[in-house]
Amino acid sequence: MKPPPLDYLRPATVDEAIAALAADEDAKVLAGGQSLVPLLALRLARPSRLVDICDLGLEGVGEGKEGSIRVGAGVRQRHLELDPAIRTAVPLLADAVGQVGYPSTRNRGTLGGSLAHADPVAELPVVAAALGAVAVAAGPSGTREIPCAELSTGWFSTVLDPAELLTEVRFPAVAGPRHGAAWREWAPRAHDFATAGVGVALDLDASGTCTAVHAAACGIGGSPLVLSDALGSVIGFAAGADPTALLRSVATAAREAAAGGEEDQVELVGLLAARAVADALASAGVAA
Amino acid sequence: MTAVSLEVNGAAVDLDVDPRETLLDVVRHRLGLTGTHGGCEQGACGACTVLLDGDPVRSCLLLAVAAGGHRVTTIEAVGDPGHLHPVQEALSRYHGLQCGYCTPGMVLTVIDLLAHNPHPDEGQAREALAGNLCRCTGYAGLVEAIVALGAAGRP
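Protein chains in written order, with numbering that gives the first Met the number 0: chain G, 0 to 287; chain V, 0 to 154.
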């Protein structure tokens with residue numbers, strides 16, 4: 000359980016980091032290390048060199064265009080969990096990140112690291128995909144924007160070039176006068192890897208009628224499964240209406256969207272979608 | 000080898016490390032601070048928890064070279080045999096330890112829990128311990144100790 004021999008580089012700028020990655024195809028980005036270092040310890044990863052990106056100044060959180068929230072790729076998960084500004088601006092992210100590992104891993108693990116690692120049952124890639132967030136990647140030929148729903152290409156794989164690194168993730172502003180969000184997952188042991196999970200964010204008008212739904216799941220295949228269209232029946236649901244039929248239709252629609260996945264996971268995605276919708280409505284002050 | 004400078008329990012430390020050496024191995028084998036225990040060495044058990052700039056981290060998942068410039072606190076800096084830290088005192092009183100292997104990680108984890116949530120209930124106590132494995136005495140005494148600590152501090 001010891002990492003293999005490797006070189007370590009801690010560049011001071013994004014350009015230096017990209018150059019180091021481009022110069023050595025076996026080099027690997029070290030972000031928070033909470034997934035990579037276990038892989039090193041297990042000798043499942045044997046990079047020639049680690050390019051530690053902790054000094055690149057990627058820890059900022061701020062407002063972007065049209066009220067979007069810009070979160071630096073290096074922002075620690077524990078910060079996402081505890082920052083009241085994140086809880087207000089991106090409540091689904093704040094709710095889900097509490098399920099990522101433990102406080103002691105969240106103190107090191109980063110947003111960008113989780114997205115780039117692309118674990119098929121990780122929470123943060125699913126949240127980013129559900130909300131229509133956009134990742135910014137810097138590489139040898141400049142920067143590009145990648146919709147987070149298109150970032151993962153399957154199990155632990157992304158569209159990122161080996162010499163690219165994520166610098167920032169832009170989350171759209173919460174819309175509507177009222178908003179609700181909930182992440183629900185099932186894991187055999189608390190905070191261990193989830194078998195399946197669903198995140199739901201709802202926009203509501205002032206009267207409590209749902210005007211938009213953003214949702215995605217993990218546990219089906221190797222990438223986040225976006226459910227926003229599948230759960231369209233939530234739109235129009237109004238405060239005071241009987242939620243039973245709604246939640247049943249949500250579960251059915253989520254199961255249908257997950258068809259082709261493992262049987263247990265398909266069932267779980269249905270149940271978790273219904274639970275997440277109910278809890279998202281409740282968090283917006285609408286009983287379901 | 001790479002030169003690294005960090006602060007450990009208040010003292011400046013300068014050493015040359017192999018980049019693959021974890022902070023766990025450096026505090027134990029180079030600095031002789033064997034209170035930090037290595038369990039799984041892959042981030043699953045929490046026995047190797049230390050504080051980095053005051054926040055708990057798993058020292059087996061942190062390369063020592065990446066800890067350069069940071070402040071590390073190990074269990075050796077928490078209480079002493081004559082004056083136990085209140086968390087150590089409570090673990091002792093409520094039988095929250097038996098073999099003691101997980102205890103250093105437990106103590107630092109509980110100190111961090113109480114810093115963020117001074118009055119945890121039983122569910123919050125159990126949640127906070129989810130990342131620290133105990134394989135002998137179990138969690139009942141630990142949870143009791145945490146709830147008692149929270150209740151004692153309640154106004």
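For every residue, glycine included, the Cβ atom is placed at its ideal position computed from N, Cα and C. Computed from a predicted structure; not experimentally measured.
CB-CB under 6 angstroms to P146(G), same chain, minus the five flanking residues each way: which ones, in chain order?
Cβ-Cβ distances below 6 angstroms link P146(G) to V133 in the same chain, with the five nearest sequence neighbours on each side left out; the list follows chain order.
| task | Can you give me the start and stop residues for the alpha helix (DSSP H) that S91(V) sits inside? | result | P85 to R92
- Step through the CB atoms of chain V and report whether any lies within less than 8 angstroms of the CB of S103(G). yes
Open item on the list: When you compare the CB positions of L110(G) and A200(G), do they come within less than 8 angstroms of one another, or not?
Closed with: No, Cβ-Cβ distance for L110(G) and A200(G) is not below 8 angstroms.
Under 7 angstroms by beta carbon: chain V residues contacting Q33(G): G42 and L60
Interfacial residues, the stretch 179 to 199 of chain G to chain V, with Cβ spacing under 7 angstroms | A189 and H190
Distance check for A114(V) and L96(V), CA to CA, integer angstroms please. 21 angstroms
TODO: Enumerate in chain order the residues of its own chain whose CB-to-CB distance from H94(V) is below 7 angstroms, with the five nearest sequence positions on each side excluded.
DONE: T136 and G140
| message | Give the list of continuous alpha helix (DSSP H) stretches no shorter than 4 residues that lie fully inside the stretch 105 to 149 of chain V. | response | 121 to 127
For G269(G), report the span of its alpha helix (DSSP H) as first-last.
E262 to S282
Check your understanding: Quick one: does P10(G) have its CB under 8 angstroms from some CB of chain V?
Key -> no
**Message:** Does R70(V) come out as helix, strand or coil in the three-state DSSP assignment?
**Reply:** Per DSSP, reduced to three states, the secondary structure at R70(V) is strand.
Exercise. Below 8 angstroms between beta carbons: does that hold for S103(G) and R125(V)?
Worked result: no
Q. Skipping 5 residues on each side, what residues in its chain have a beta carbon closer than 7 angstroms to that of V158(G)?
A. I145, E149, L150 and T152, listed in sequence order.
- request: Throw me the rounded Cβ distance for the P223(G) and A205(G) pair, which I believe falls under 8 angstroms.
  value: Not really, about 31 angstroms apart at Cβ, beyond 8 angstroms.
Flag R29(V) as yes if its beta-carbon sits less than 8 angstroms from any beta-carbon of chain G, otherwise no. no
Notebook entry, point to check: Which term fits T142(G), buried or exposed, when burial requires 16 or more other beta carbons within 10 angstroms of its beta carbon?
Noted result: exposed
### Task
Would you please verify whether the beta carbon of E158(V) is less than 8 angstroms from any beta carbon of chain G?
Since the displayed chain V opens at 0 and closes at 154, residue 158(V) lies outside it and no answer follows.
Per DSSP, cross-strand counterpart(s) of I52(G):
None, per the DSSP bridge assignment.
If we require 3 or more residues per run, which beta strand (DSSP E) segments fall completely within the stretch 53 to 129 of chain G? 60 to 62 and 68 to 71
Return no unless some Cβ of chain G is closer than 8 angstroms to the Cβ of V77(V).
-> no
Problem - Cβ-based burial, M0(V) [other Cβ within 10 Å; buried from 16] - result: Around the CB of M0(V), fewer than 16 other CB atoms lie within 10 Å, so the residue is classed as exposed.
Residues of chain G with a CB under 9 angstroms from the CB of G45(V): which are they? Y101 and S103
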